[in-house]
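Student: First, the structure itself, so that you have it in front of you.
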Amino acid sequence: MNSTKRAARLRRSAPLLALAAPGVLLLLAFQYYPLIGNVIAFKDYLPFVGVWESPWVGLENFELIARGDHRFVNALTNTLIITLVQVLLVFPVPIALALALNSMVSERIKRLVQSVLYLPHFLSWVIVVAVFQQFLGGAGMINNFLRANDLDTFSLIGNADLFIPLVTSQLIWKDAGWATILFLAVLSQIDTTLYEASTMDGAGRFRQMWHITLPALKGIVILLLILRLGDALSVGFEQIILQQPAVGIEASEVLDTYVYNVGIVDGSWSEATAVGLVKGIVSVLLVLGANKLAHLFGEDGLYRS
Numbered sequence: 001m002n003s004t005k006r007a008a009r010l011r012r013s014a015p016l017l018a019l020a021a022p023g024v025l026l027l028l029a030f031q032y033y034p035l036i037g038n039v040i041a042f043k044d045y046l047p048f049v050g051v052w053e054s055p056w057v058g059l060e061n062f063e064l065i066a067r068g069d070h071r072f073v074n075a076l077t078n079t080l081i082i083t084l085v086q087v088l089l090v091f092p093v094p095i096a097l098a099l100a101l102n103s104m105v106s107e108r109i110k111r112l113v114q115s116v117l118y119l120p121h122f123l124s125w126v127i128v129v130a131v132f133q134q135f136l137g138g139a140g141m142i143n144n145f146l147r148a149n150d151l152d153t154f155s156l157i158g159n160a161d162l163f164i165p166l167v168t169s170q171l172i173w174k175d176a177g178w179a180t181i182l183f184l185a186v187l188s189q190i191d192t193t194l195y196e197a198s199t200m201d202g203a204g205r206f207r208q209m210w211h212i213t214l215p216a217l218k219g220i221v222i223l224l225l226i227l228r229l230g231d232a233l234s235v236g237f238e239q240i241i242l243q244q245p246a247v248g249i250e251a252s253e254v255l256d257t258y259v260y261n262v263g264i265v266d267g268s269w270s271e272a273t274a275v276g277l278v279k280g281i282v283s284v285l286l287v288l289g290a291n292k293l294a295h296l297f298g299e300d301g302l303y304r305s
């Protein structure tokens, strides 16, 4: 009987399964099948020999992590610092923007502001970096204006000391507006009668935000924080690699660029794969740990165990 019901359910779901099949195949082909290549981390990979014919070396490629290789430690340190700064400074910005947009009375102005904020998300990092260089570079618009008026110029693009504030401001400008979509969607589901009742009880805008709006956002904030933790060791390969020549390896090397520079540029395929594998495992553990923590706070998280 159970097999009959299962077969009937499959027949009913056949159109949906057919629609999902191309996406599943792409996922398997470009996300899961390449994972087999992680075996390179345990081999002395020789491109002209191939993956399976390259000699097996066990955990030898992981020694640079264990012994604290300077270049690896520098990349890890930069990655953690940039991640911490972005969580503290970038993550709250979409929430603030969503609260500001939600409080706007005029729908026309609200839509206009939303469109302006969303637009940078659709620009590639090549264009974003070029825009910042054109405005803030040594020969950029602002410095040219300062020179024309006999004023002191400043060095921002290419300044290693200001690299982290630079990439953080670029990320805010590019993606903060787009990230407000999720928060606005949650805010639109809040029962307006709660605000009306609180107004009758004498609650002002601040108390309404503290006791109604922010609690409604708690679930989505925790969910996004979990996802951000899973991506904590990835801080924007394309954005950073484009600006790395200007500021130097020491100031800008992160784990993603380290894997590229060591593996592709220097040809140390196996060591780079070992670092990438450890990074992936740590990211999974961070997601699982954060999800468990969310359960302890009474939230659903990514899934229920």
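Following full-length UniProt numbering, the numbering of the sequence shown begins with 1 at its first residue and continues without gaps.
We put the CB at the ideal spot given by N, CA and C, even for glycine.
Quick caveat, the model's predicted, so the values are computed rather than measured.
1. When DSSP builds the beta bridges, which residues end up paired with Trp56?
2. Taking just the CA atoms, how far does Leu76 sit from Gly68?
3. So Thr83 is in the alpha helix (DSSP H); what residue range does that whole segment cover?
4. Going by the beta-carbon positions, is the gap between Val275 and Val259 smaller than 8 angstroms?
5. If we count the other Cβ atoms within 10 Å of its Cβ and call it buried at 16 or more, is Val73 buried or exposed?
6. Counting beta carbon pairs with one atom in the segment 231 to 241 and one in the segment 19 to 27, are three or more of them shorter than 8 angstroms?
7. If you pair each beta-carbon of the segment 155 to 168 with each one of the segment 183 to 191, do three or more pairs fall below 8 angstroms?
8. My understanding is that Ala176 touches Val93, with C-beta atoms under 8 angstroms, so please give their C-beta distance in whole angstroms.
9. Starting from Tyr118, trace the alpha helix (DSSP H) in both directions and tell me its first and last residue.
10. What does the alpha-carbon distance come out to for the pair Ala7 and Tyr32?
11. Quick one: what does DSSP say Tyr155 is sitting in, helix, strand or coil?
12. Taking the CB atoms as reference points, tell me whether Ser283 and Leu223 lie closer together than 8 angstroms.
13. Measure the Cβ-Cβ separation of Val167 and Leu229 and say whether it is below 8 angstroms.
14. Return helix, strand or coil for Met104, following the three-state DSSP convention.
15. Just curious, the alpha helix (DSSP H) that Arg147 is in, first and last residue?
16. Indicate the three-state DSSP secondary structure (helix, strand or coil) for Met1 in the structure shown.
17. Quick check on Ala100: buried or exposed, where buried means 16 or more other Cβ atoms within 10 Å of its Cβ?
18. By the three-class DSSP mapping on this structure, what secondary structure does Phe135 have?
19. With DSSP as the reference, label residue 308 as helix, strand or coil.
Tutor: Inspection of the coordinates gives the following:
1. Within the DSSP secondary-structure output, Trp56 pairs in a beta bridge with Lys43.
2. When rounded, the separation of the alpha-carbon atoms in Gly68 and Leu76 is 10 angstroms.
3. Judged by DSSP secondary structure, Thr83 falls within the alpha helix (DSSP H) whose first and last residues are His70 to Leu89.
4. Taking 8 angstroms as the Cβ cut-off, Val275 and Val259 qualify as a contacting pair.
5. Exposed, by the Cβ-count rule.
6. With the cut-off at 8 angstroms, the segment 19 to 27 and the segment 231 to 241 do not touch.
7. They do not touch, by the three-pair rule.
8. The pair is a contact, with the Cβ atoms about 4 angstroms apart (cut-off 8 angstroms).
9. Per DSSP, Tyr118 belongs to the alpha helix (DSSP H) from Glu107 to Tyr118.
10. Each residue's alpha carbon lies about 28 angstroms from the other.
11. The displayed chain sequence assigns Ser, not Tyr, to residue 155. If DSSP states are grouped into helix, strand and coil, Ser155 belongs with coil.
12. Taking C-beta atoms as the reference points, Ser283 and Leu223 fail to come closer than 8 angstroms.
13. No; because the gap between Cβ atoms is not below 8 angstroms, this pair is not in contact.
14. When secondary structure is reduced to three states using DSSP, Met104 falls in the coil class, being assigned neither helix nor strand.
15. It spans Met141 to Ala148 - the alpha helix (DSSP H) in which Arg147 sits, taken as one unbroken run.
16. Any reading at Met1 is ruled out, since the residue's pLDDT is 49, under 50, leaving its predicted position unreliable.
17. Exposed is the label assigned to Ala100, since fewer than 16 other Cβ atoms lie within 10 Å of its Cβ.
18. Assigned with DSSP and collapsed to three states, Phe135 falls in helix.
19. Here the chain covers residues 1 to 305 and nothing more, so residue 308 does not appear.
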